[in-house]
Amino acid sequence: MSLKGKKQNFKITRGEGEDSSMQDYEIELDEGMVVLDCVHRIQYEQEPDLAVRWNCKAGKCGSCSAEINGRPRLMCMTRMSDVVQEVDEGEPIDIRPMQTFPHIKDLVTDVSWNYDVAQKIKPINGPEEMNWEFNQMEADRVQHFRECIECFLCVNTCHVLRDHELFDDFAGPRNLVRLAQYEMHPLDLEDRIPEIKKEFGVEYCNITRCCTEVCPAGIQITDDAIIQLKERVVDRYYDPLQRIWRTLTRQKVRY
Amino acid sequence: MAEDFKKYEYDVIVIGAGGAGLRAAIEAARSGAKTAIITKSLLGKAHTVMAEGGCAAALQNADPRDGWKVHFHDTMKGSKWLANWQMAEYHAKEAPDRVRELEQWGAVFDRTNKNLINQRNFGGHTFPRLAHVGDATGLEIIRTLQERGIHEGIDIFMEYTVRHLLKEGDRVTGCVAYTRVDGDFHAFSAKSVVLATGGITRVWSVCSGSWEYTGDGHALALWSGAELRDMEFVQFHPTGMVWPPSVRGILVTEGVRGEGGRLTNSDGVRFMFDYVPEMFAGDHAETIEESDQWVEEVVSGKLATVRRPPELLTRDVVAKAINSEVKAGRGSPHGGAFLDISHRGEEAILKKLPSMHHQFKELAGVDISKEPMEVGPTAHYVMGGVLVDAETQESTVPGLFACGEVASGLHGANRLGGNSLSDLIVFGKRAGEFAAKRAKDLAQPVIDETQVQQAIEVMLEPFGNKGGENPGLIYDELRDMMQAKVGIIRTKEELDEAIEDLKNFESRRLASYPGSSRKYNSGWHQALDLKNMVDISYAATLAALTREESRGGHTRDDFPVPDDEYWGKTLNIIYMEDGEIKIRQDPVIEMREDLQDAIKEVKQMIAERAAEAGGGN
Chain Z
1135 MSLKGKKQNF KITRGEGEDS SMQDYEIELD EGMVVLDCVH RIQYEQEPDL
1185 AVRWNCKAGK CGSCSAEING RPRLMCMTRM SDVVQEVDEG EPIDIRPMQT
1235 FPHIKDLVTD VSWNYDVAQK IKPINGPEEM NWEFNQMEAD RVQHFRECIE
1285 CFLCVNTCHV LRDHELFDDF AGPRNLVRLA QYEMHPLDLE DRIPEIKKEF
1335 GVEYCNITRC CTEVCPAGIQ ITDDAIIQLK ERVVDRYYDP LQRIWRTLTR
1385 QKVRY
Chain B
8 MAEDFKKYEY DVIVIGAGGA GLRAAIEAAR SGAKTAIITK SLLGKAHTVM
58 AEGGCAAALQ NADPRDGWKV HFHDTMKGSK WLANWQMAEY HAKEAPDRVR
108 ELEQWGAVFD RTNKNLINQR NFGGHTFPRL AHVGDATGLE IIRTLQERGI
158 HEGIDIFMEY TVRHLLKEGD RVTGCVAYTR VDGDFHAFSA KSVVLATGGI
208 TRVWSVCSGS WEYTGDGHAL ALWSGAELRD MEFVQFHPTG MVWPPSVRGI
258 LVTEGVRGEG GRLTNSDGVR FMFDYVPEMF AGDHAETIEE SDQWVEEVVS
308 GKLATVRRPP ELLTRDVVAK AINSEVKAGR GSPHGGAFLD ISHRGEEAIL
358 KKLPSMHHQF KELAGVDISK EPMEVGPTAH YVMGGVLVDA ETQESTVPGL
408 FACGEVASGL HGANRLGGNS LSDLIVFGKR AGEFAAKRAK DLAQPVIDET
458 QVQQAIEVML EPFGNKGGEN PGLIYDELRD MMQAKVGIIR TKEELDEAIE
508 DLKNFESRRL ASYPGSSRKY NSGWHQALDL KNMVDISYAA TLAALTREES
558 RGGHTRDDFP VPDDEYWGKT LNIIYMEDGE IKIRQDPVIE MREDLQDAIK
608 EVKQMIAERA AEAGGGN
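Residue numbers (my numbering), protein chains in the order written: chain Z, 1135 to 1389; chain B, 8 to 624.
Structure follows, in structure tokens:
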């Protein structure tokens, strides 16, 4: 279906924090547009100071996260041809900023919490000699996690944060993926399990898989990262045989 | 009335947080300098994330016949012999250790069957040389540097935009920035400033660049008295998306061709066989059979015994070939060429080119494992930039350093794919190291309030233009103009027109109005970006007008052949004098003798291989 020439209405968050409201706009569409193209068109033609955060417009940088018709996604990878089918003819397309983070202005939010948590995660700790050796199967496990573009849509969707606001106790899905990437790195020597349990609160996640559902990079956040970390925590802290073995041998458990 | 601003003091300020900026900051901090990064975006979002194919380094993991001399030769030849040979030497020698170091910082590159970093083939590289992670190598590198960088004690100012470099006498002593979030002003005193701001490709409407690519560093350098070189050389990457219009220009990695992708025209002909330039004659496969055999050998992990497909000629050659096919009426339905990788099968494509598969599926509704892509040239990289010292990366202005795309010299008239990621880490490290060294003996510069207030005044000018044009419109029109008149094929007539048009854009820019709020105001940022874009477009146009020949990333329809006698040995240098952008020519310095010998050695090796391959068929 060609969208060229079609008039389309939008409702977009405008303003700052509690003073913001939904404003109406209308533009004419072109072939193959994505939502971010429409926001730009509104900014160029009607509202020069419309705030929108974006960088690559190719789904690689994760800057333009928003809630489009109530669904968290990247504006640059959401095609208008799909979005128009979600609303009735003549009805506006609804674009709001991510709701879990403090609002700055219009479509922009303050995502610095994610960076603060990342700062607390210890860097990789591997051999000092160069030319590390590990095979592709070992790489595969970790590479998957490293496809994360830090759009923070998973964090925005996680109800531990969105509804329960446990920002001080829980690292959020993005940073749990980062922890998993180190924890499962074939040559990382750091023992991360105690902090994954305590400081980063992996047990708060109750596996509703909302984060996985919205991930534009298709990372199996829940199954491949969080559940794996949970299992490692359980093995360490709750497996009675392991506990006895550890007490007897005073050994650290290796995985 | 004087505006409030905050003051800061550092030894080293790095402007930009892409691969080069992060690498420079890490090195400066590790050398003991009090270091800060100022970035226009959030950390980890810079244009480096968009690099796809890989990072070139002669690791010798995929083919033991490689080595620094071959990489050096390939870089010089790809540059059409205009690269700074000393930079090319440092680059070829140091890239392997910089890549191995990334691995120690957490980068997880694809592996060989001997458990080491794997390497893929790319245009212009004699051997498989690019360390890679599928087709998302840039993301891997920036994330690795980011995750290392945050533990080095570097202060990071996110969403701050630098608009002015402070000077004391002839040295750079700091900078002035505004914040996107609230529009506040900040002045930084610094003993050394490192520009790592990336490129300028947003000045073309069909480009693969992110919004940041507005030439900030190029302009800051020019305004502060530094010199630029090679500004006429712009790399139009041969394969950008062409359809639908809103995604036109988005990059299609050269990795597609490295993995065996075939370029065909509307007649189904693999046209690249007809476009092998004289300087590459004999280096590439001459038949489809030879090409296919090469692909079969390299994808199964064997050493290639025949020559590579002509699709892997350097980017300038392939881009012009596609352009010619389209002009001759043999283009694809939306004005490009067909690029087909479907013969490699779905499994291999999902493993080696996952983001290409995703990108075409999501944005164009094309399944590249079953059907060909449509591709065409897109403005991708500027070889030109700040003229720097090869060893230290210091510009012609003391205290001002540059590295990565904003610097110039490594790539000459044409950059080889994969040489930009290695450029970032090799010269990022050098810039950081020497910026810190430079800072050691200096006292903390005093911030000159008058200069700061003047810079703030300039930044606030757009708010005084009530009723003026929306800067976004000017921005778009400027890009369309540059695309039309200073694009892949150039003529004197159009370049002259562009020079005139730019004057007009300059006056429109001065009268544009972004609305009243300083808080996260996209229009205000565009109004300010336009100042760099106009000046840098002017520099690129002036250099293009002056170079009356065709070479690498600069093609003149009215001077279609290379002029080796004069322009093959001459560089265009851009500088600013009395507020006016000017140009002069400098001779290329003759290559050191031992490096000339290295080139001869490699040439002979390549000739022997070609003879063997030719005889073997």
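A virtual CB, placed ideally from N, CA and C, is assigned to each residue, including glycine. What you are looking at is a predicted structure, and each value in this text was computed from that prediction instead of being measured.
Identify, in the order they occur along the chain, each residue of the same chain with its Cβ nearer than 7 Å to the Cβ of residue i, setting aside the five sequence neighbours on each side.
i: residue 217 of chain B; result: 54, 57
i: residue 145 of chain B; result: 55, 56, 57, 58, 59, 428
i: residue 594 of chain B; result: 576, 577
i: residue 527 of chain B; result: 187, 188
i: residue 126 of chain B; result: 66, 68, 69, 135, 136, 137, 138
i: residue 1321 of chain Z; result: 1260, 1261, 1266, 1268
i: residue 342 of chain B; result: 249, 333, 383
i: residue 75 of chain B; result: 65, 99, 100
i: residue 558 of chain B; result: 87, 420, 569, 574
i: residue 402 of chain B; result: 228, 233, 393, 394, 395, 408, 409
Going by Cα to Cα distance, which pick from the options is closest to residue i?
i: residue 97 of chain B; options: B/80, B/109, B/110; result: B/80
i: residue 1308 of chain Z; options: Z/1289, Z/1140, Z/1301, Z/1374; result: Z/1289
i: residue 1349 of chain Z; options: Z/1164, Z/1206, Z/1380; result: Z/1206
i: residue 1136 of chain Z; options: B/554, B/404, B/252, B/488; result: B/252
i: residue 392 of chain B; options: B/467, B/187, B/455, B/228; result: B/228
i: residue 234 of chain B; options: B/502, B/340, B/570, B/550; result: B/550
i: residue 1272 of chain Z; options: B/116, B/491, B/62, B/280; result: B/116
i: residue 89 of chain B; options: B/522, B/420, B/505; result: B/420
i: residue 1201 of chain Z; options: Z/1331, Z/1227, Z/1276; result: Z/1227
i: residue 470 of chain B; options: B/394, B/416, B/509, B/525; result: B/525
i: residue 405 of chain B; options: B/394, B/531, B/412; result: B/394
i: residue 637 of chain B; options: B/167, B/191, B/200; result: This structure cannot settle anything about residue 637 of chain B, because the visible part of chain B is limited to 8 through 624.
i: residue 225 of chain B; options: B/211, B/512, B/610, B/412; result: B/412
i: residue 1318 of chain Z; options: Z/1156, Z/1331, Z/1382, Z/1362; result: Z/1362
i: residue 1292 of chain Z; options: Z/1192, Z/1274, Z/1339, Z/1334; result: Z/1339
i: residue 447 of chain B; options: B/479, B/62, B/17, B/11; result: B/17
i: residue 1225 of chain Z; options: Z/1285, Z/1336, Z/1143; result: Z/1143
According to DSSP, is residue i helix, strand or coil?
i: residue 25 of chain B; result: coil
i: residue 1354 of chain Z; result: coil
i: residue 619 of chain B; result: helix
i: residue 458 of chain B; result: helix
i: residue 1219 of chain Z; result: helix
i: residue 1244 of chain Z; result: coil
i: residue 606 of chain B; result: helix
i: residue 238 of chain B; result: coil
i: residue 448 of chain B; result: coil
Since residue i sits in a beta bridge, which residues does DSSP pair it with?
i: residue 1259 of chain Z; result: According to DSSP, which records beta bridges pairwise, residue 1259 of chain Z is partnered with nothing at all.
i: residue 1148 of chain Z; result: Z/1155
i: residue 13 of chain B; result: B/193
i: residue 174 of chain B; result: B/179
i: residue 380 of chain B; result: B/346
i: residue 82 of chain B; result: The partner list for residue 82 of chain B (beta bridge, DSSP) is empty, contrary to what the question assumes.
i: residue 126 of chain B; result: B/138
i: residue 199 of chain B; result: B/19
Considering only residues of the same chain and omitting the five flanking positions on each side of residue i, which have a CB-CB separation below 8 Å?
i: residue 301 of chain B; result: 292, 311, 313, 314, 315, 316
i: residue 482 of chain B; result: 533, 536, 537, 540
Output needed for residue i: all residues of its chain with C-beta closer than 6 Å, excluding positions within five of it in sequence on either side, in chain order.
i: residue 1187 of chain Z; result: 1197, 1242
i: residue 1173 of chain Z; result: 1186
i: residue 85 of chain B; result: 131, 321, 421, 423
i: residue 445 of chain B; result: 199
Exercise. Is the stretch 153–173 of chain B touching the stretch 183–198 of chain B, taking contact as three or more C-beta pairs under 8 Å?
Worked result: yes
Problem set entry | Meets three-Cβ-pair contact criterion under 8 Å: the stretch 1235–1242 of chain Z and the stretch 1148–1164 of chain Z | yes
For this session: Evaluate contact between the stretch 258–267 of chain B and the stretch 301–320 of chain B, counting only Cβ atoms and requiring at least three cross-stretch pairs below 8 Å.
Result: yes
Exercise. Three or more beta-carbon pairs under 8 Å between the stretch 270–279 of chain B and the stretch 561–581 of chain B, yes or no?
Worked result: no
Exercise. Touching or not, the stretch 319–326 of chain B and the stretch 241–258 of chain B, by the rule of three or more beta carbon pairs under 8 Å?
Worked result: yes
Exercise. On the three-pair Cβ rule with 8 Å, is the stretch 156–168 of chain B touching the stretch 385–402 of chain B?
Worked result: no
Exercise. Can we say the stretch 31–42 of chain B touches the stretch 149–157 of chain B, given the rule of at least three CB pairs closer than 8 Å?
Worked result: yes
For this session: Tell me, please, whether the stretch 529–547 of chain B touches the stretch 506–515 of chain B by the rule of three or more beta-carbon pairs shorter than 8 Å.
Result: yes
For this session: Examine the Cβ distances between the stretch 1209–1224 of chain Z and the stretch 1155–1169 of chain Z and report whether three or more of them are shorter than 8 Å.
Result: yes
Exercise. Any chance the stretch 557–571 of chain B sits against the stretch 597–608 of chain B, with 3 or more Cβ pairs inside 8 Å?
Worked result: no
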